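>
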Amino acid sequence: MAELGEPGYRAKQLFSWLSSGEDNFEEMTNLPKSLREKLSKHCTLRPLHMLRKQVSALDGTIKYLWQLEDGNAVETVVMRYHHGNTICISTQVGCRMGCAFCASTLGGLVRNLTPSEMFGEVLASERESGLTISNIVLMGIGEPLDNYSNVLRFLTLINHPKGRNIGMRHISLSTCGLVEGIDALAEEDLQLTLSLSLHAPDDETRSRLMPINRSVGLEKLMRACVRYYEKTKRRISFEYIMVDRVNDTLEHAKRLASLVKPIGGHVNLIPLNRVEERSLPPSPPERIAAFSRELEKLGVNVTVRRSLGGDVDASCGQLRRKTEIL
Ligand code: SAH
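Remember, the working numbering sits 10 above the position in the sequence shown when you count from 1.
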C-alpha cells in the first residue's frame, strides 16, 4: 500500500477482504474506486484450482485435490463433526520423513507450501463446499515442522483478528517429532494443540516404523515433549496408529503409559488405513479395544479415532498418489 501511495489502514482492509476469500478487487467496496482499479491492473489473485473432489457416501467427508500454480498438487480433507467443520490441510508437496505406513512420503519431498497456499486450501475448500471451517488440523501431506517459518506465518495469518480469526485452540499441529521444531514452537507459546505421532513406545519398534527415530531417539524426543509441556502448559496429544502385532501388545501399552503419564498426555489410537504400496497389517478392532482398556486401567486418557472418509482415500497422501501428475 505504501508503494501505491496509500495509507497503511488500506492494507488492513485489503487483508480482511482476502481473508474472506474475495478474489475480485472490484467487489472490495470499502476501498476507493481508484485503488480498486490500481489493484486490478497490478495484481492478480489466483485461487487454487480444483483437480478432483470426492465426497464420502458414508459420512459426508470431502476430499479435494488442488492444483498449485507450478502444476504440483496437494490434498485437503473437510470433515463434519458435531463440534464444527474441521479441515485437514497439507503443509508440503510430498514429505521426506519416510514413515513406513504413510502414502505421502512415497515420492519424497517436492517442495514446501507457502503460507498463502496453505491459506488458499482453507479458502478454496470453504468456497467450494459452502461450509464454514471452524477447526484446522495440520495433518495432511507433509511435516509441518520441516516447513517451520511458512507454517508459523500461516498460523499468524489465519488466527489474525482482522482476518479469518480462527482461534489457536481450534488448531492442531501434528509432527513426527522434530525436536528443534518442538523447542522453537514451545518458545512461541501458542495455545494450539501439539499432536505427536509417536506410534511406538520403544526405539526398536519406532525406528522400524519411523526413520526419524534413528537419528533422534525416544529419550530425546520425550525430553522435548516435557519441555514443551512445561513451557506452554498445554497437554500433548500422542497419536498412535495400531499395527497388528507390531506395536499393539499389552506390553507396548504399558510402556506407552509410562512415557505419556508423567506429562498428562492424551493418547489417540488410530486404526491403520491400508495403503496399497505398504504391507503393514492393521490391528483388528478387538486388539485395539484391549490396548485401549489397558491404557485406561493404567490411568491414561485415551480415545480411539473415529475413521471418516474410508471410501474416499482420505488417509494422508492417498488421493495424490492415485492421480499421479508428477
Ligand atoms: N507429518 C506429520 C503430519 C502429517 S501425518 C506427522 O507425522 O504427524 C498425519 C497423521 O496421519 C500422523 O499421525 C500419521 O502418522 C498418520 N498416518 C499416516 N499414514 C497413515 C495411515 N496409513 N493410516 C493411519 N494414519 C496414518
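For glycine and all other residues, C-beta sits at the position ideal for the given N, C-alpha and C. All of these numbers come straight from a predicted model, not from anything done at the bench.
1) Measure the CB-CB distance between Tyr74 and Ser135 and report whether it falls below 8 Å.
2) Determine the extent of the beta strand (DSSP E) in which Thr203 is found, giving its start and end residues.
3) At the level of alpha carbons, what is the spacing between Arg174 and Pro221?
4) List the DSSP bridge partners of Met60.
5) Specify the secondary structure class of Glu131 as computed by DSSP and reduced to three states.
6) Under a Cβ-count criterion, where at least 16 other Cβ atoms within 10 Å of its own Cβ denotes burial, should Asp199 be classed as buried or exposed?
7) Beta-carbon separation of His180 and Asn223 under 8 Å?
8) With a CB to CB cut of under 6 Å and the five nearest residues on each side skipped, what residues in its chain are close to Glu334?
9) Do Val285 and the ligand SAH come close, with the Cβ less than 7 Å from some heavy atom?
10) Using the Cα positions of Arg62 and Val87, report the straight-line distance between them to the nearest angstrom.
11) Any heavy atom of the ligand SAH inside 7 Å of the beta-carbon of Phe111?
12) Does the segment 110-125 come close enough to the segment 34-46 to have 3 or more Cβ pairs within less than 8 Å?
13) For Pro17, count neighbouring C-beta atoms within 10 Å of its own C-beta (all shown protein chains included) and say buried if the count is 16 or more, exposed if not.
14) For Cys98, write down the residues that DSSP places opposite it in a beta bridge.
15) Determine the direct distance from the alpha carbon of Lys271 to that of Leu228, and round the result to whole angstroms.
16) With DSSP as the reference, identify every bridge partner of Phe248, one or two as the case may be.
17) Could you check how far apart the C-beta atoms of Leu58 and Leu78 are, in whole angstroms? I think they sit under 8 Å.
18) In whole angstroms, what is the alpha-carbon distance linking Ala110 and Leu219?
19) Go through the segment 164-234 residue by residue and report every complete run of the beta strand (DSSP E) that reaches 3 residues or more, in order.
20) Hey, would you say the C-beta of Thr96 is under 7 Å away from at least one heavy atom of the ligand SAH?
21) In the DSSP assignment, find the alpha helix (DSSP H) that holds Arg46 and state where it starts and stops.
22) May I ask whether a heavy atom of the ligand SAH can be found less than 7 Å away from the beta carbon of Leu282?
23) State the start and end residues of the unbroken beta strand (DSSP E) segment that holds Val106.
24) Give the DSSP-derived three-state secondary structure of Val236 in the structure shown.
25) Output needed for Leu188: all residues of its chain with C-beta closer than 6 Å, excluding positions within five of it in sequence on either side, in chain order.
26) At a threshold of 7 Å, does Thr242 count as lining the ligand SAH (C-beta to nearest heavy atom)?
27) So, are the CB atoms of Leu195 and Ala263 less than 8 Å apart?
28) Does the distance between the C-beta of Met232 and the nearest non-hydrogen atom of the ligand SAH fall short of 7 Å?
29) Mind checking whether Met252 and Ile298 have CB atoms under 8 Å apart?
30) Closer than 7 Å: is that where the CB of His209 sits relative to any heavy atom of the ligand SAH?
Based on what the coordinates show:
1) yes
2) 203-207
3) 37 Å
4) Met60 has Trp76 as its beta-bridge partners, per DSSP.
5) helix
6) exposed
7) Taking 8 Å as the Cβ cut-off, His180 and Asn223 do not qualify as a contacting pair.
8) Confidence is the limiting factor: at Glu334 the pLDDT is only 47, short of 50, which leaves the residue's position unreliable and the question unanswerable from this model.
9) yes
10) 12 Å
11) yes
12) Contact between the segment 110-125 and the segment 34-46 is absent, because fewer than three Cβ pairs lie under 8 Å.
13) exposed
14) Per DSSP, the beta bridge partners of Cys98 are Val87, Val147.
15) 15 Å
16) Leu206, Val277
17) Confirmed, about 7 Å.
18) 5 Å
19) 181-185, 203-207
20) no
21) 43-52
22) yes
23) Note on residue identity: the sequence assigns Arg, not Val, to residue 106. It is not in any beta strand (DSSP E) - Arg106 carries neither H nor E in the DSSP assignment.
24) Helix, per DSSP.
25) Leu155
26) Not one heavy atom of the ligand SAH lies closer than 7 Å to the C-beta of Thr242.
27) no
28) no
29) With respect to Ile298, Met252 sits close: the two C-beta atoms are nearer than 8 Å.
30) yes
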